[in-house]
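Take the sequence shown: its position 691, counting from 1, is numbered 691 in UniProt numbering, and each next residue is one higher.
Below: the structure, in structure tokens.
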Amino acid sequence: MDKDHFQLEDIIKNLKEDGLDPGSSGADHLTFLWKLYQGTQGKLQEATNSLMEFKQQQAEEMKEVENYVAHIRSLTEEREALTTDFEKENIQLRIELEKLQVQQESQLKEVEEMLYQEGLNEIAQSSPSEQIAYLLVERATLLEKLDLLEHKCDSQLENLSDINRQDELQQIHQTLEEELYQQRESMKRTKETLNKEQLSFIQNPWKKLFGIRKNADRLSADISTYDEALDKEKKMRECIERDLDEAARRLQMSHGEIRRLTDEILIKDKVISELEQSMQRMQQESEVLKQNLKIAQENDSQELQKAKEYSSRLDKEILALRNRVKSLDSERKKYMEQFDKSTSESLANSPSKQNTNHQDNELLHKSCRLAIEGRECLNQQLLHKLQKLQHEHDETVERNEELESILGETQNKTKEQIEYFESQTAGLQNTIMSLEAELIKLRDGKKERLGTDRGSNGDLTKMQDLQQEIYTSTVKMNELQGDLRSLKRAEQDKNILRAANDELERVNSMQDIKIAKLTEECKRLQTMLNDQKSSNETLIAKEQTFQHLQDKVLDLEKLREENGVQMSESKKKCETLQKQLQEGMNETQKLWEEALELRQEIKSTRQDLQTKREENARLKREIMDMQNKMPRPQSCGDGAEEMVPKFLAGDTLMQQYEEIRQLRQDLHRVQNVCSSAEKELRYERDKKLDMKKEDIALQQENTKLNAELNQVKQKLTSVSATCFSFEAEVEKRQQKIKELELELMKRNQGSKLQSNWQEKLEHEKSRAVNAEKMVLELQQQLRASEHQLQLLQTQITEKKRQEEELKRAKENETKLRAQLQEEQLKRKMLNQSIEDLKQTNKALREKETLLTQNYSALQFKLNQKESLLQSLDDEKNASAKERIYCENNNQKLSEELLQVQQDKEELHKEYNKILNQMDEYVRKNNEKQLRYKAKLSRAKEVHISEVNQRDLYIKQLEMEITLSKSQTEKDQQWISKVTTENEHLLKENQHMLQKLNDQEAIERNYQWQLLSVRNRAHILDEENKQLQEGLLQLYNQVGSLDRVLKKIQALNVEEITKIIPSECLLMTDTPLHLPTGSFSVLGFSSPPGVLKAIHSTNHEGSAETLNLSHSSISEIGYLNVTSPGIAPASPEQTPMPGP
1 MDKDHFQLED
11 IIKNLKEDGL
21 DPGSSGADHL
31 TFLWKLYQGT
41 QGKLQEATNS
51 LMEFKQQQAE
61 EMKEVENYVA
71 HIRSLTEERE
81 ALTTDFEKEN
91 IQLRIELEKL
101 QVQQESQLKE
111 VEEMLYQEGL
121 NEIAQSSPSE
131 QIAYLLVERA
141 TLLEKLDLLE
151 HKCDSQLENL
161 SDINRQDELQ
171 QIHQTLEEEL
181 YQQRESMKRT
191 KETLNKEQLS
201 FIQNPWKKLF
211 GIRKNADRLS
221 ADISTYDEAL
231 DKEKKMRECI
241 ERDLDEAARR
251 LQMSHGEIRR
261 LTDEILIKDK
271 VISELEQSMQ
281 RMQQESEVLK
291 QNLKIAQEND
301 SQELQKAKEY
311 SSRLDKEILA
321 LRNRVKSLDS
331 ERKKYMEQFD
341 KSTSESLANS
351 PSKQNTNHQD
361 NELLHKSCRL
371 AIEGRECLNQ
381 QLLHKLQKLQ
391 HEHDETVERN
401 EELESILGET
411 QNKTKEQIEY
421 FESQTAGLQN
431 TIMSLEAELI
441 KLRDGKKERL
451 GTDRGSNGDL
461 TKMQDLQQEI
471 YTSTVKMNEL
481 QGDLRSLKRA
491 EQDKNILRAA
501 NDELERVNSM
511 QDIKIAKLTE
521 ECKRLQTMLN
531 DQKSSNETLI
541 AKEQTFQHLQ
551 DKVLDLEKLR
561 EENGVQMSES
571 KKKCETLQKQ
581 LQEGMNETQK
591 LWEEALELRQ
601 EIKSTRQDLQ
611 TKREENARLK
621 REIMDMQNKM
631 PRPQSCGDGA
641 EEMVPKFLAG
651 DTLMQQYEEI
661 RQLRQDLHRV
671 QNVCSSAEKE
681 LRYERDKKLD
691 MKKEDIALQQ
701 ENTKLNAELN
711 QVKQKLTSVS
721 ATCFSFEAEV
731 EKRQQKIKEL
741 ELELMKRNQG
751 SKLQSNWQEK
761 LEHEKSRAVN
771 AEKMVLELQQ
781 QLRASEHQLQ
791 LLQTQITEKK
801 RQEEELKRAK
811 ENETKLRAQL
821 QEEQLKRKML
831 NQSIEDLKQT
841 NKALREKETL
851 LTQNYSALQF
861 KLNQKESLLQ
871 SLDDEKNASA
881 KERIYCENNN
891 QKLSEELLQV
901 QQDKEELHKE
911 YNKILNQMDE
921 YVRKNNEKQL
931 RYKAKLSRAK
941 EVHISEVNQR
951 DLYIKQLEME
961 ITLSKSQTEK
971 DQQWISKVTT
981 ENEHLLKENQ
991 HMLQKLNDQE
1001 AIERNYQWQL
1011 LSVRNRAHIL
1021 DEENKQLQEG
1031 LLQLYNQVGS
1041 LDRVLKKIQA
1051 LNVEEITKII
1061 PSECLLMTDT
1071 PLHLPTGSFS
1081 VLGFSSPPGV
1091 LKAIHSTNHE
1101 GSAETLNLSH
1111 SSISEIGYLN
1121 VTSPGIAPAS
1131 PEQTPMPGP
């Protein structure tokens, strides 16, 4: 009873504060309550309108997000299409490469087969440029051979056409003189010496006569050998003509290839100029990208500052909330103390008034309870709506954070790509500069090397190398252009993402503005709350909510501290990783510098090698010239003099070969060092990539932690917003109840056209009106019964028993008051437990069950009290009929109460259904959001997988590039080896060709001097044996010689001229070789005397020629009888002696 009394007093106080007079009638009370009811309905309508607006905003945001996802999907599809196109192009290019390789292999095989068939096994495995060079050299040698054969054939045909032997001899001398005049100018001196010898021969005519006879006999024996030689030479000439035709065709092919290569070089120059322009454009674009990156970094720093300011503002708001909660706690305690004091004073002063006003207070309590329950239902609905809005706001914030993380990742990727492209562009610029320098060198050297075959071969190899390098540079530039296109697309995506982020930021700003407005309204309503301070129940509810919010704030602070610790740890990790990255970058820079130094050393060594090769070639040429210039020995004793320069040249060549070997070994060492350095560079690049991956992972963790921090901050803001919104809504409801009551009276006519929801509200209104009418009737009946009870109490005052019973009743009342106080304490404890149970749905249901139990217990107590009243009525004899009437009325009231309870249970069921529907709607909405998040995560995974595939593809391409570089290096090494071997072979071939030329020149002289050479060789072989015998024969032949001299003295000069023809006297080229049997006729007794005469003449001629020049060859009469292994110098290569 005391509890109901207190509740009635609270209701009366609240109504007084709202403007209701306590002495007004029941109709005034009803109108006032109706106005409050209309105000609550108006608030409900506003809440529904705000819900619809929020739903529309959510639908628009969902549409925008769907459009954004569709855009991302279209971008991914475009990327997939581009990747498929690139893959198809790569496959086509690989097929074309394979076809070209097959064609090249088939052509090489055909050439190898042709070379094997012709017996050129050594050249079959060499490169085509070397084969062409070999063919050019062979062509030159064949042309020389053809010229020599033509001269031989002409001379032999002319010799065969003559009949007379003397005419043949004259023609042979004439042809020989013509050849000697063409090749040597030293014949003048030899003619002068021969003219001097002719005088000596005229003094000794028998010597010439015997020499002519001897030559005539020998020419008759050699006619048969000339025919055989002519047949052989004809066959050789036919073979050589065939070879020449093939060589001419191949030369034409080689000239065409050289022209094509020159055209390609010009085209490549143009391409290089275009590449330089594109590189400049790339540099400009890279500068623009750097500027954009700087701007983005500045924007990020500004956003971070804003976030820090926002977090500081949240901290201030949390502190303000704490202070406010403390102030509310203090105010609640004050109100409770005042309430206890007022209750104690009221109990001490007016115990009788309480009994009279108890029933009136019960009725007011019931009506107020119904109103409070309706308000609680509305509050719960509004809380659900607020929770939905907060959830949607959290989702939008999460989306913004995800987009920001994606933007950060894209920025990091673009930075890495830009750095990679800048390094590639720098490398390409260096390669282009080196290629330009080499092209300039080649252009300068091409003019000098066109005359020589070696230079052409070197140019061809260098041109092929340049073509390969230019091709690789074009491929790299194409790759860079593709990467730039992808960067541009990424920038477009980034701009789109920025636009989406700007839109989301605008939406967030609008929401922040709305939240600010709500906070302002909350503050204004808080001032109203401080003025009103309506009821203990609202204060208790607020205390519970604030305690719950305090717990949440504490949890959030703990989470914030934990996140701060995690952030500090992640920052430390990032700092350590950055230090490691800097160390790795320093190491890589050192390695790059070492690699550049090694490359410079390699270039210097290559230049040294080239210079040394040129010096070797020059020395070899000089040696060859010296060998050609050196005169052949005139006797066996002069062989030692000829071998000395050869040995000297051999020693120099050996030294040069040893130097070349040492240089090659140094080159191999440098190449090994380069390969090891490249391996170390690759290993460090892999390390770099791993470190970058770790950085990316840490940055992702950073972004995740930032996202979690933002989520926590948003949760804090949402909690504070919920607090403010809760308080604002409570205050709005209290303010707008009056306005809604007036508006409901005006809108009763238009309520029929509203939705089903408004019809239900009207139905509930009608029920409430009926219930209020019944309550008014019951109040009137209770007033009448109370009046009768007062009359009966005046009649029973005389009775002592009744007084004792009243004392007992008072004692019972005091006990009940104590129980009520205990119940209040219990209620406080229950309220504290309810605060903990509000976190879950089970706690709410348990609270409802507890409330229903308390309500049933109170109803039971009321029934007990009614039974006590009935017992008091039964004890009264005079008021029997009235007691029966009261009992009937009480039964009716109980029935009505049961109906009201049933209605209440139905309303609870409907409320539970609505809650279940709301929970289902929330669950469906959550499921949709989860699906949407799953879709977003899938899209992210697809994007990440595509990026990873692209990175893998880039890595594969880099590996292929490294493999191709290693293969090109190996090919270059192999080409260098082959070129060195080919140069060595070419030199050997030239040496052999020179030997062949020398042998052919010897064969020319050998054809008409065979007999003299044989006799001379026979004489030189038997000279040592015949010297001693010749001395004895000379002593024996002195007498015979005296007789011959006498006979010669008896002959005249005219007879001698008749015997010896004049033409034979003019023969100065060939010395006369007398037979062994004719020495007795001359003044000599044996062949050694003749030999001495021949040696004396030959030695005089050789001494004169040697004094004039070191490179002259012996005269025509002299025949070199050296060993067959030593090849004499050709007459064409020997220089002319000076006059």
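Think of the CB as a built atom: it goes at the ideal place given N, C-alpha and C, for glycine as much as any other residue.
Assigned with DSSP and collapsed to three states, aspartate 21 falls in coil, not helix or strand. Judged by DSSP secondary structure, glycine 119 falls outside any alpha helix (DSSP H); it is assigned neither H nor E. The C-alpha of glycine 19 lies about 51 Å from the C-alpha of valine 65. By a beta-carbon distance limit of 8 Å, lysine 692 contacts glutamate 416. Their separation comes to about 7 Å. Taking the Cα positions, histidine 787 is about 10 Å away from glutamine 781. Non-local C-beta neighbours of glutamate 395 in its own chain, meaning closer than 8 Å and more than five positions away in sequence, comprise Gln929, ordered along the chain.
Taking the Cα positions, isoleucine 975 is about 20 Å away from valine 137.
Distance from the CA of serine 604 to the CA of arginine 613, rounded to the nearest whole angstrom, comes to 14 Å. Put simply, the backbone Cα of glutamate 969 is about 10 Å away from that of threonine 962. Between glutamate 941 and threonine 76, the C-beta gap is not smaller than 9 Å, which leaves the two residues out of contact.
Glutamate 983 sits buried, since 16 or more C-beta atoms from the chains shown fall within 10 Å of its C-beta. Here leucine 868 is exposed. Its C-beta has fewer than 16 other C-beta atoms within 10 Å. Here isoleucine 132 is buried, its C-beta having at least 16 other C-beta atoms within 10 Å.
Taking a 10 Å sphere around the C-beta of glutamine 280, we find fewer than 16 other C-beta atoms and assign the residue as exposed. The Cβ neighbour count for glutamate 659, taken over all protein chains shown within 10 Å, is under 16; the residue is labelled exposed. For serine 867, the three-state secondary structure derived from DSSP is helix.
Inter-residue distance for arginine 73 and glutamine 902 is about 58 Å (C-alpha atoms, whole angstroms).
A straight-line Cα-Cα distance of about 14 Å links threonine 141 and glutamate 150. Note on threonine 814: under 16 other CB atoms within 10 angstroms of its CB, so exposed under the neighbour-count rule. Here the C-alpha atom of glutamate 122 lies approximately 35 Å from the C-alpha atom of alanine 437.
Comparing alpha-carbon positions, the option among Glu875, Ile1048, His763, Leu135 lying closest to arginine 801 turns out to be Glu875.
The three-state secondary structure of serine 127, taken from DSSP, is coil. Remark: C-beta atoms of glutamate 1000 and leucine 148 approach each other more closely than 9 Å.
Between the alpha carbons of glutamate 274 and lysine 441 lies a distance of about 21 Å. The Cβ neighbour count for isoleucine 513, taken over all protein chains shown within 10 Å, is under 16; the residue is labelled exposed. Each residue's CA atom was taken as its position, placing valine 271 and glutamine 104 some 26 Å apart. Distance from the CA atom of aspartate 85 to the CA atom of arginine 79, rounded to whole angstroms, is 10 Å. Each residue's CA atom was taken as its position, placing leucine 897 and threonine 849 some 19 Å apart. The alpha-carbon separation between asparagine 299 and arginine 950 amounts to approximately 29 Å. Taking the CA atoms as reference points, tyrosine 134 sits about 10 Å from proline 128.
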